[in-house]
Amino acid sequence: MLRVMDATTAEPARIAADLRAALGPLVRRLRRFRPDDELTLSQTSALVRLDREGPATASELAAGEGIRPQSMCTLVNRLQERGLVDRAQDPADGRRIVVSLTPAGREGLTGARAERARRLTAAITEELSEDEQRQLAAALPLLERITRRV
1 MLRVMDATTA EPARIAADLR AALGPLVRRL RRFRPDDELT LSQTSALVRL DREGPATASE
61 LAAGEGIRPQ SMCTLVNRLQ ERGLVDRAQD PADGRRIVVS LTPAGREGLT GARAERARRL
121 TAAITEELSE DEQRQLAAAL PLLERITRRV
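First residue of the sequence shown: 1, per UniProt numbering; consecutive thereafter.
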């Protein structure tokens, strides 16, 4: 359980530990939600990366995801079989094959994101008082600054 700290106990290392303890489970629970149970976390992560960063080679995706290129090729094959990604020659370099998100892949991500947002909104509304909601909102810029630094 998290401790509420005052100014005398709020040393940075303790804050960091409590922040990890608070945010880790939240992030895991949000990631765990999958409207389609057949998509693995790795597949979802690759789709999110393609949506965020645009088309990439399987090797670039593998490096970004921290997995072996062979594993990424298998993952991309499965996503392509489901119509969530496409492969095509890179127009700038015909030797390269790039993977891109299909409209169906983008639609699936949009639905999953909307459901995660709905769940998070419901938790905030149901669990926090109006004053606590304001406190949380006031802390968001600080969390964003920390996120950029990490």
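Cβ atoms here follow ideal geometry from the backbone N, Cα and C, with glycine treated the same way.
For Ala10, the three-state secondary structure derived from DSSP is coil. Taken in chain order, the whole beta strand (DSSP E) runs of length 3 or more contained in the UniProt domain "HTH marR-type" (1–148) are 85–89 and 97–101. Pairing Gln133 with Leu140, the inter-Cα distance amounts to about 11 Å. Per the coordinates, the alpha-carbon of Ile67 lies some 43 Å from the alpha-carbon of Asp131.
Scanning its chain for C-beta atoms nearer than 8 Å, with the 5 sequence neighbours on each side dropped, one finds around Glu65 the residues Ser42, Ser45, Ala46, Arg49 and Met72, in chain order.
Nearest C-alpha to Asp86 among Val27, Ala122 and Pro55: Pro55.
For the pair Leu30 and Arg118, the CB atoms are not nearer than the 9 Å cut-off. The closest CA to that of Ala123, considering only Leu26, Thr74 and Ala16, is found on Leu26.
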